[in-house]
Amino acid sequence: MIDLASASLDDATSVASTLESTASTVWDLETFILWIDVRSCWIDDSVEAKELFAESLTLVSPEEQNSLRRYHFRRDAAEHLASLLLQHLVISQLADLPWIESRVSRTMMGRPFHETGRFDYNVSHHGGRVAIGVRLADQRHIGIDLVDPEEATRNWKQGWIDDFHDIFSDSEYAQILRDGKKENEITKRRLFTFWALKEAYTKAVGIGLVTDLKSIEFSSVEDVDTNERPYTRSTICKVKNELIDWRFEIFGLEEGLILASATTNDGLTSTDKTKTKKIDLDYVTKAAAPFHFPMTQVPNVM
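The numbering of the sequence shown is the numbering used here, which starts it at 488 and goes up by one.
In C-alpha cells, the structure reads:
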C-alpha cells in the first residue's frame, strides 16, 4: 500500500506505468466497468482497516470528506468513499486532469457526471462492493446496478417475493417463477437480475425509480450462472410496449454478485461488448496519492 503521507510527484513515473498497463484493457473501450471490494481493506474491525480508511479520506476533497460525516456506519461511508474514488479515477483519466482538479458534478436529480460531456458514467454499490460503468460518447448515457441477492434477502421474512408484484409485469413474474418454485437460489437470482436491469435503465435515463417500473419490461433474460466467469448475456427491453434500441448486459461476478448495464446501441459496434475489470485499492491510491488533500476531521463512523 502506498504511503499517502509521504507520496510526492516523484511517484508520477510509477503511477503512469500502472495506468498504462491497464490502458489497453479498458481505457480505450467504448464501454467498460471497474469495480472494487472494500470489505477487508476498510470495513472489517481491525485497527489496520480503520487507519487505512481514515488515511484514504485524504484522497477526496474537504467538501467530500464532510459529506461522509452523514454516515453513521463505516460500511456506508466506505462504499460512498469508494464510489467517489472511482469517479475521480475515471474523470482524471478520461478528462486528462490531475486528480486534485477532477470534479464531480450532479444533475438536479442527483445523478453524477463530468462537465466535459465527452463521456458518461454511473455508479452502484452493494454489500461492500462498488462499481462504476463508463460510456465514451457525447450525449449517450450508461446506467449500472450491482446487487448481491444473498445480502439483499438476508433478513427478509418468508414470502418476501410476493412483495414484488408492483414492480414486475405478469410476463416478468412468470419468467422469474418459471420453475414453479419460490425463493430458491435460482429464482432469487432471476428476480434480482430483472431488478438490476430495471434500475440500470432508469439510472441511465436519469429518472431513478420514480416511474412505473411495470412499464419497463424485459424478456429473453437468461439465468446468471456465477460459476461461469466471465459471464455475460444480453437481453431486450420494451418501454410502454415499444421496443427500444438499447444494449442491456448482465454480468455474473464473483461470490454471486450480479451486475447489469444499460446504454443506447447508438454508436456501439456489435463486437465491442462491455468489459468488467476488478481493481484493488492500490490501483486507485497510486493514481491519487501525489495529489492528496488535508484531513479536515475524521467522520464519526463506526
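Glycine residues also receive a C-beta, built at the ideal position from the N, C-alpha and C atoms.
Let me confirm a value: P636 is counted as buried when at least 16 other C-beta atoms fall within 10 Å, else exposed. Which label applies? Sequence index remark: in the sequence shown, residue 636 carries index 149 (1-based). Classification for P636: buried.
What are the partner residues of S656, as DSSP defines its beta bridges? Here residue 656 refers to the residue found at position 169 of the sequence shown. Per DSSP, none; premise fails for S656.
Enumerate, from N- to C-terminal direction, the unbroken alpha helix (DSSP H) stretches of 4 or more residues contained entirely within the stretch 546-590. 549-554, 561-581
Label D769 either buried or exposed according to how many other C-beta atoms from any shown protein chain fall within 10 Å of its C-beta, with 16 as the threshold for buried. Counted from its first residue, the sequence shown places residue 769 at position 282. D769 is exposed by the Cβ-count criterion.
Compare the Cα-Cα distances from E672 to each of W522, S721, T640 and report the closest residue. Taking the first residue of the sequence shown as 1, we reach residue 672 at position 185. Nearest option by C-alpha distance: T640.
Whole-Å CB distance - L568 paired with L544, under 8 Å assumed: Here residue 568 is taken as the residue at index 81 of the sequence shown, counted from 1. Here residue 544 is taken as the residue at index 57 of the sequence shown, counted from 1. About 7 Å separates the beta carbon of L568 from that of L544, a gap short enough to meet the 8 Å contact definition.
Spatial neighbours of F679 in its chain, beta-carbon cut-off 7 Å, leaving aside the 5 residues before and after: As a first step, residue 679 is located in the sequence shown; it is residue number 192 there, counting from the start. The residues are V634, P636, A639, I745.
Going by beta carbon distance, what residues of the same chain come within less than 7 Å of A510, once the five residues before and after it are set aside? Within the sequence shown, residue 510 is the residue found at index 23, counting from 1. Model confidence at A510 stands at a pLDDT of 47, short of 50, so the residue's coordinates are unreliable; what they give is reported in the following sentence. Hits under 7 Å: none found.
As a quick exercise: from L684, W733, I694, A749, pick the residue whose alpha carbon is nearest that of R598. Your numbering for residue 598 matches position 111 in the sequence shown. Its Cα nearest to that of R598, the residue I694 stands out among L684, W733, I694, A749.
Rounded distance between the beta-carbons of E517 and L684, thought under 8 Å: Against the sequence shown, residue 684 aligns to sequence position 197. Against the sequence shown, residue 517 aligns to sequence position 30. Incorrect: roughly 20 Å between the Cβ atoms, too far for contact.
Exposure of F560, with buried meaning 16 or more beta-carbon neighbours within 10 Å: Your numbering for residue 560 matches position 73 in the sequence shown. Exposed, since its Cβ has fewer than 16 Cβ neighbours within 10 Å.
In the DSSP assignment, find the alpha helix (DSSP H) that holds T772 and state where it starts and stops. Against the sequence shown, residue 772 aligns to sequence position 285. Segment 768-775, the alpha helix (DSSP H) holding T772.
Going along the chain, which residues of its own chain have a beta-carbon closer than 7 Å to the beta-carbon of D497, five neighbours each way excluded? By 1-based counting over the sequence shown, the position of residue 497 is 10. Reliability fails at D497, whose pLDDT of 47 lies under 50, so the model's placement of it is uncertain and no value is given.
Determine the direct distance from the alpha carbon of W733 to that of N752, and round the result to whole angstroms. By one-based count along the sequence shown, residue 752 stands at place 265. By one-based count along the sequence shown, residue 733 stands at place 246. If you take the alpha carbons of N752 and W733, they lie about 5 Å apart.
Please report how far the alpha carbon of K727 lies from the alpha carbon of L581, in whole angstroms. Start at 1 with the first residue of the sequence shown, and residue 727 comes out as number 240. Start at 1 with the first residue of the sequence shown, and residue 581 comes out as number 94. About 35 Å.
Rounded C-alpha distance that separates E474 from V513: Nothing about residue 474 can be read from this structure; the chain reaches only from 488 to 789.
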